[in-house]
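**Student:**
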Ligand SMILES: Cc1ncc(C[n+]2csc(CCOP(=O)(O)OP(=O)(O)O)c2C)c(N)n1
Ligand SMILES: Cc1ncc(C[n+]2csc(CCOP(=O)(O)OP(=O)(O)O)c2C)c(N)n1
Ligand SMILES: [Mg+2]
Ligand SMILES: [Mg+2]
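Residue numbers (the working numbering), protein chains in the order written: chain A, 99 to 459; chain B, 99 to 459; chain C, -12 to 342; chain D, -12 to 342.
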């Protein structure tokens, strides 16, 4: 296992510009601030349903998405706010979705678990554990088909995220085999935060210390590394992305990360100690990158950081404002967005119609 | 990979009595003769539905079932005639089932794919590819629960068979993980005959030369070896059975075998050459064991073998006779065997009843 | 008092409780007020104490005490061999439990939500209901699958399934859908005792509902509807959570002098059509309320059976009230309009009684 | 002649064929007699030539030329990039195809049998029908799932599913069930052109049926039933293979001077209730024949909709004829009695017209 690489030797991430890294810092801080406000809104019952907070895992979404092109397809599970923001979804639209407003990315029909953003090639936000993994294979298939058969578009790589609990779903293994057999450019990224809800990974998945052997058993290149250090993510992940893109074949990554909050907003977290949580908070990914940028690169100082945080706070506040003041979907929207081609007599209880335009389109 | 073991060194199977090996020879020949008659009956349209012939794979069922106790649970897929006969199902009852007679093991309700035999602890005969693998884990769970919680019964091992095509089903991976996490005494036996219907294994499953890595990725002891030589099967399989029984944990076996006939009775077999088929027929498991018993052990001679074949032929002929002359289920059996506890108003179209007694009970 | 069941598929003679007529069941009124989730827990605990073959498995049922705290404390009493946490492998553990049931155990499988049973559809629809038939009567499948069913927690399209709309089409299972804590306990105990597969559909929305639940043992038989409210203007048939919406609507109508029968079916397979027909014969009007989608729903089955058996008693065409025929929306307002809420039920009854 | 569909979920303006009225479709009579499997193949080939985004995947569809030879020769014409053999991973490849459809392709997924779609239930029932809704109109799912459906090959309990009994409850999909080769071609072509998910249910029992199928392109619209036989004594509604049983029964009844309308629905979602009502208004009698299990079946939906919209036109309660409500038996005799055979249909019509 190739853990943190030697600091002495030159790192791939050293070649990244200050602007890029500052952008990542901003993106991670945006997610954290956004999630803080999300939790507040949830506590105020402005947000309903299931709500899964991304705080703690920011480096993972930002670093991996930062390693691909803007038009590479991305798909994930229900813990999706981080991916949406890392993929440049407008925080306003993201927050409005959780408020169930017509101005949300899914017009209020999806909620926290269903962040979709077509202009940014984010294919959701999926609630059934593991169900997004065959979809990830399909997005890679389509990208390859467009490039190879239709002759449109270039070589792409699909990023498909799943939690450590999702590896126990048969769907994931079918997806791995299909990706390998069809040589599909999809990278399965396990956001290994050590828990499936309240179940520690060693209690839910066998041989958990060697998850990459699952990928390897399908002949898929599989690597594991620390997912809390964003530069480390880039160092290891970017080369895999290039390889999977060039050779149009799958990859498998086990990224160690940690969620600071409960599984969902209704989790008492009796299954872990405060010490354990603190241990990870001490390797916090934002503090970590900030330290590098301040003390090693010197491209930001305390004031700069304060200014950045202030600006982000204002941006998120604005997003909340936007959500607060946006209108709910009209009841007529119940029967819209069911069919692209609605026809008479499809239902005994109503006629399907076209809906109001999606705010992202 | 531990292929055929060194002939010089003593083999575990050398300790087996002549009677045991002669019994295996008889059992394999019984299956072959039975399947020949099955094909004839199918061609005469006396047998309907899907019918999957076991010819060629006899050593596998006989050798593995010969390595466990009579009360160890066994479960398999739809290519199940061999397992049924190896488990001592009366050939009469087996043939009658395929004829759809009330005297069949499932009273004619199951057919070729559903050989169930409670007295012989054969839990079917299952038609949905891979679906028997979670069931196998459950049989092992129940056996362990009886021994550990209820304090009844002794340590058992469940044998769960699947084809190479079934390893692509997510259900199998969920079953492997459950078996490992719960430490269940089940051995998954891949009857690797190289084809999933018309699809060669390299086209349907990734990294097919190293299937045991699938089992190993769950931390399950996994071995592969030749499944055409029944003594070789015993040499490798019996120790695994003992280990899984003692330690009450799962095992995984990739057994190389070959089916001489098409996938089902309606398979033109364009996907393989006659040469390939002949190559395997040249290592025929029955001829192989016969040779050992005649020339190395000298416990049977040409006359003895002729007599055995004659006796088996008569037995199978009798089974066909029995099936031919047995009555069809009465139409009243349509609404029987649906509920153990039938109640009024369970259906708008009829009242469920208890059925006639199963011939095996 | 017990009766016994003998069947070749059973390893031994099973005792079944003798079911008392409705009026001999313990009183529904009283001061032992507990939550519906506690009633479910009591049912499981009582049966697990009675029969060591009964065990519970599912996601987070043990150490986490249940995602919805239904199994709270059960790990402490029964230990990890009988209260079992599973990976997120519904198809796998449902199948394993089915085989354990074949082999003579009495599993209770908790689906955190019935919405997650779709990945296990093959096991629960092919194996559990058909094993007895496929094996010609050799092996049955005495198992209970239970969990949350239905919309209204703003959980969105994939987490709000009413599986009765799908699964009730399949012969070989019994389906219980309680509408209150009292019935939940009595029906779940019967489900665990029953030697056939039972789909037991709970509502997460109702787990916190409080009412008197007797401490003593009692069993509610399958296929016996309860007349939850009496009237002569219309027969209102429902099951599960919507029964409570029907009672709300009925209350409002009573204020207008319109009194209706509200029948709580409790189980839809078996379906107590006799009670429905008896009521329709009296009221000549029928409204069926069902929280699954309308097309080919249990509501259409009830209507069809009434038409088949009581066509001439009807003075007005039967009316069904289902959830709206769209994927479940997240937005609070949309979701509230989506379910068969009291307002829609009120309107439906009105439309039937006024013409 | 074409019409166009514009929708934000579509990458581009899609052209849809303009549908001709029944009497302007190419003649059903003629001497170009081919098998139903060939009609299906023609539909796929024509659409694959027209649109490079269309591809076919499934078990044994390529090198084996299809388990039932529907895709025979297609690998040779379209190559391995568009005719794709898959492992036995229905949930995996159904899901992959769904995402490919989201991304703009036009997959045709062949299930060797719809019975095997149960392991893919989550993907085909949660994702395909709901993607447009969950994404607030951003991504649709233009995909066709097709394969064999229904009993009668002595395949036993797990291989004889009529999934319309389950899946028709779910909003968001269109369901086509052809009863003959002519319709099969026209309906499959429409299914492939339609920008929404379509479940296309074929019958292995009918793949070898031969009849005239026009060489020219033609499309049969969804939601338009065909009056397969005319009469005034009773309205007989069916879809898929049982339509042919209805015609057999009708023929026999005609010999007795009893003439009935036989309506072939062709699609059940949409359901051409208008044609059913028009016929019932004339005959005042209704028999619905459906090869799925009875409880909450499409038959109950047809009956319920007729009751809701034409209650007063009925002189006799509607009658349904389904498969018997038991797991599918293997034995030839039991299976023959299990399905809605001509004899049972004949009796049902008789019972309705005589009283
Ligand atoms: C098929 C299915 N089963 C159960 C659930 C309920 N559930 C939602 S998230 C979750 C835990 C998943 O943990 P993991 O995959 O590690 O992701 P994480 O929450 O840690 O990001 C469970 C059991 C579900 N959504 N889908
Ligand atoms: C879920 C499912 N999909 C497809 C089928 C159809 N089918 C039956 S057997 C088979 C091939 C299985 O091959 P393998 O597992 O290698 O077993 P073998 O026939 O070689 O013994 C297929 C595709 C099925 N029965 N179940
Ligand atoms: Mg996790
Ligand atoms: Mg094989």
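Glycine included, each C-beta is placed from N, C-alpha and C at the ideal position. Just so it is clear, the structure is predicted and the values come from calculations on it, not from any experiment.
1. Please state if the CB of residue 314(D) and the CB of residue 208(C) are separated by a distance shorter than 8 Å.
2. Which residues in chain D have a C-beta closer than 8 Å to the C-beta of residue 120(C)? List them in chain order.
3. When you measure from the CB of residue 261(A) to every non-hydrogen atom of ligand 3, does any distance come out below 7 Å?
4. Which runs of the alpha helix (DSSP H) spanning at least 4 residues fall entirely within the stretch 380 to 449 of chain A, listed in chain order?
5. State the CB to CB distance for the pair residue 190(A) and residue 420(A), rounded to an integer number of angstroms; the pair is presumed to be in contact (CB under 8 Å).
6. Less than 8 Å between CB atoms is the rule here; does residue 148(A) satisfy it with respect to chain C?
7. For the stretch 426 to 451 of chain A, which residues have a CB atom closer than 8 Å to at least one CB atom of chain D, in sequence order?
8. DSSP state of residue 215(C), grouped into three classes?
9. Which residues of chain A have a Cβ atom closer than 7 Å to the Cβ of residue 316(B), listed in chain order?
10. Tell me, to the nearest whole angstrom, how far the beta carbon of residue 153(B) is from that of residue 358(B); I am working on the premise that it is less than 8 Å.
11. Would DSSP call residue 298(A) helix, strand or coil?
12. By Cβ distance below 6 Å, which residues in the same chain neighbour residue 13(C) in space, the five residues on each side in sequence not counted?
13. Which residues in the same chain as residue 268(C) place their Cβ atom closer than 6 Å to its Cβ, once the five residues preceding and following it in sequence are excluded?
14. When DSSP labels each residue in this structure, what does residue 119(D) get in the three-state scheme?
15. Inspect the beta-carbon positions of residue 295(A) and residue 263(A) and report whether they are closer than 8 Å.
16. Once DSSP output is grouped into helix, strand and coil, what is the label at residue 267(D)?
17. Any contact between the stretch 253 to 269 of chain B and the stretch 169 to 184 of chain B? By contact I mean 3 or more CB pairs, one from each, below 8 Å.
18. When you compare only the Cα positions, how much space is there between residue 234(B) and residue 343(A)?
19. Comparing the CB of residue 294(A) with every heavy atom of ligand 5, is any distance shorter than 7 Å?
20. Should residue 291(B) be listed as close to ligand 4, given that the test is whether its C-beta is under 7 Å from any heavy atom?
21. Residue 99(B): buried (16+ other C-beta within 10 angstroms of its C-beta) or exposed?
22. Quick check on DSSP: helix, strand or coil for residue 295(D)?
23. So which residues on chain B does residue -6(C) lean against when the C-beta distance must stay under 9 Å?
24. Note down, in chain order, every chain D residue with its Cβ under 7 Å from the Cβ of residue 304(C).
25. Would you mind telling me which residues of chain A sit closer than 7 Å to residue 266(B), beta carbon to beta carbon, in chain order?
26. Which residue marks the beginning of the beta strand (DSSP E) containing residue 22(D), and which one marks its end?
27. Would you be able to state if there are at least three C-beta pairs under 8 Å between the stretch 400 to 416 of chain A and the stretch 283 to 294 of chain C?
28. Comparing C-alpha positions only, which one of 198(D), 164(D), 341(D) sits nearest to residue 247(D)?
29. Could you check where the beta strand (DSSP E) with residue 250(D) kicks off and where it finishes?
30. Look at residue 292(D) and residue 458(A) and say whether their C-beta atoms are less than 8 Å apart.
31. Are there three or more Cβ pairs, one per stretch, closer than 8 Å when the stretch 138 to 149 of chain C is compared with the stretch 321 to 336 of chain C?
32. At the level of alpha carbons, what is the spacing between residue 280(A) and residue 298(A)?
33. Tell me the residue span of the beta strand (DSSP E) that contains residue 134(D).
34. Which whole-angstrom value is the C-beta distance of residue 363(A) and residue 140(A), which I expect to be below 8 Å?
35. If residue 163(D) and residue 253(D) are in contact, beta carbons under 8 Å, what's the gap, nearest whole angstrom?
**Tutor:** For this structure:
1. The beta carbons of residue 208(C) and residue 314(D) sit no closer together than 8 Å.
2. 144, 313, 314, 316, listed in chain order.
3. Yes, the beta carbon of residue 261(A) sits closer than 7 Å to at least one heavy atom of ligand 3.
4. Counting whole runs of 4 or more residues, the stretch 380 to 449 of chain A contains the alpha helix (DSSP H) stretches 383 to 389, 400 to 423.
5. With a Cβ gap of about 4 Å, residue 190(A) and residue 420(A) count as contacting.
6. Closer than 8 Å: yes.
7. Contact residues of the stretch 426 to 451 of chain A toward chain D are 434, 435, 436, 437, 438, 439, 441, 442, 443, 444, 445, 446 (C-beta to C-beta distance below 8 Å).
8. Residue 215(C): strand per DSSP, three-state reduction.
9. The CB of residue 316(B) comes closer than 7 Å to the CB of 304, 305 in chain A, given here in chain order.
10. About 5 Å separates the beta carbons of residue 153(B) and residue 358(B), which is inside the 8 Å limit, making them a contact pair.
11. In the displayed model, residue 298(A) falls within a strand according to three-state DSSP.
12. So the list reads 201, 203, 205, once near-sequence residues are dropped.
13. Counting only Cβ-Cβ distances below 6 Å, and skipping sequence neighbours, we find 300.
14. DSSP places residue 119(D) in helix when its eight states are reduced to three.
15. Cβ distance < 8 Å, so residue 295(A) and residue 263(A) count as in contact.
16. Here DSSP, grouped into helix, strand and coil, assigns residue 267(D) to helix.
17. Judged by Cβ distances under 8 Å, the stretch 253 to 269 of chain B makes contact with the stretch 169 to 184 of chain B, as three or more pairs qualify.
18. Between the C-alpha atoms of residue 234(B) and residue 343(A) there is a straight-line separation of about 40 Å.
19. Although ligand 5 was asked about, the structure shown includes only ligand 1, ligand 2, ligand 3 and ligand 4 as ligands.
20. Yes, since a heavy atom of ligand 4 falls inside the 7 Å radius drawn around the Cβ of residue 291(B).
21. With a pLDDT of 39 at residue 99(B), under the threshold of 50, the modelled position of this residue cannot be trusted, and the question is left open.
22. Reduced to three states, the DSSP call for residue 295(D) is helix.
23. The contacting residues are 438, 439, 452.
24. Per Cβ cutoff of 7 Å: 294, 295, 298.
25. Those are 272, 275, listed as they occur along chain A.
26. It spans 20 to 22 - the beta strand (DSSP E) in which residue 22(D) sits, taken as one unbroken run.
27. They do not touch, by the three-pair rule.
28. Comparing C-alpha distances from residue 247(D) to each of 198(D), 164(D), 341(D) shows the shortest one belongs to 341(D).
29. First-last of the beta strand (DSSP E) with residue 250(D): 248 to 251.
30. Contact flag unset, no.
31. Yes: the two stretches touch, three or more of their Cβ pairs being nearer than 8 Å.
32. Straight across, the Cα-Cα distance linking residue 280(A) with residue 298(A) is about 33 Å.
33. Unbroken beta strand (DSSP E) run through residue 134(D): 131 to 135.
34. So it is a contact: roughly 5 Å between Cβ atoms.
35. With a contact defined as Cβ atoms closer than 8 Å, residue 163(D) and residue 253(D) qualify at about 7 Å.
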